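Numbering (the numbering used here), first residue to last: 3 to 140.
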């Protein structure tokens, strides 16, 4: 069974399109409302991913446009969660893959000052470090 992710999980963010983002990895913290734990550390839930994504910000470039800014918007798809172990909570595992969107908050511009027409950037988020090495639950 893949490891269950906990507070401090590291993720990689890749773009599903022609844009390039500056911040391609980040650490996901659990919410203070989460009471499920493994060895004293909070278990990462789907809701924690949504909270993290809403606060994620990065610079982006797109073709001849540069200097844009984007912020996490929404989770559009998620695979490999588990609900069997911990009541009905959506627990994130090391093999969970998240599809999401970033909304452009400041469009990139080209050398003539024209703004990038793209308003949404599609991304894939994968777990690169679940922040633990075994799956003992308490």
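Ideal Cβ positions, reconstructed from N, Cα and C, are used throughout, including at glycine.
Please read all numbers here as calculations on a predicted model, not as lab measurements.
Per DSSP, residue 73 is paired with what? Here residue 73 refers to the residue found at position 71 of the chain shown. In the DSSP output, where bridge partners are listed per residue, residue 73 has 59 and 105.
Reference residue 97; option with closest CA among 58, 134 and 130: The residue labelled residue 97 in the question sits at position 95 within the chain shown. Looking at the Cα atoms, 130 is the closest of the given residues.
For residue 78 versus residue 95, is the C-beta spacing smaller than 8 Å? Indexing the chain shown from 1 puts residue 78 at position 76. Indexing the chain shown from 1 puts residue 95 at position 93. No, they are not a contact pair.
Contacts around residue 121, its chain only, beta-carbon distance under 6 Å, and the 5 residues preceding and following it disregarded: Mapped onto the chain shown, residue 121 falls at position 119. Correct list, in chain order: 106.
Measuring straight from C-alpha to C-alpha, what distance separates residue 19 and residue 35? For the purposes of this step, residue 19 is taken as residue 17 along the chain shown, with counting starting at 1. For the purposes of this step, residue 35 is taken as residue 33 along the chain shown, with counting starting at 1. In a straight line, the C-alpha of residue 19 is about 35 Å away from that of residue 35.
Go ahead and pull the three-state DSSP assignment for residue 5. As a first step, residue 5 is located in the chain shown; it is residue number 3 there, counting from the start. DSSP places residue 5 in coil when its eight states are reduced to three.
Can you find the residues in the same chain that come closer than 7 Å, C-beta to C-beta, to residue 108, ignoring five residues on each side of it along the sequence? The count along the chain shown starts at 1 and reaches residue 108 at position 106. The residues are 70 and 71.
Tell me which same chain residues have a C-beta within less than 8 Å of the C-beta of residue 27, skipping the five on either side of it? If you number the chain shown from 1, residue 27 lands on position 25. So the qualifying residues of the chain are 12, 13, 14, 15 and 130.
For residue 96, name the three-state secondary structure that DSSP assigns. Walking along the chain shown from the start, residue 96 turns up at place 94. Note: residue 96 maps to strand in three-state DSSP.
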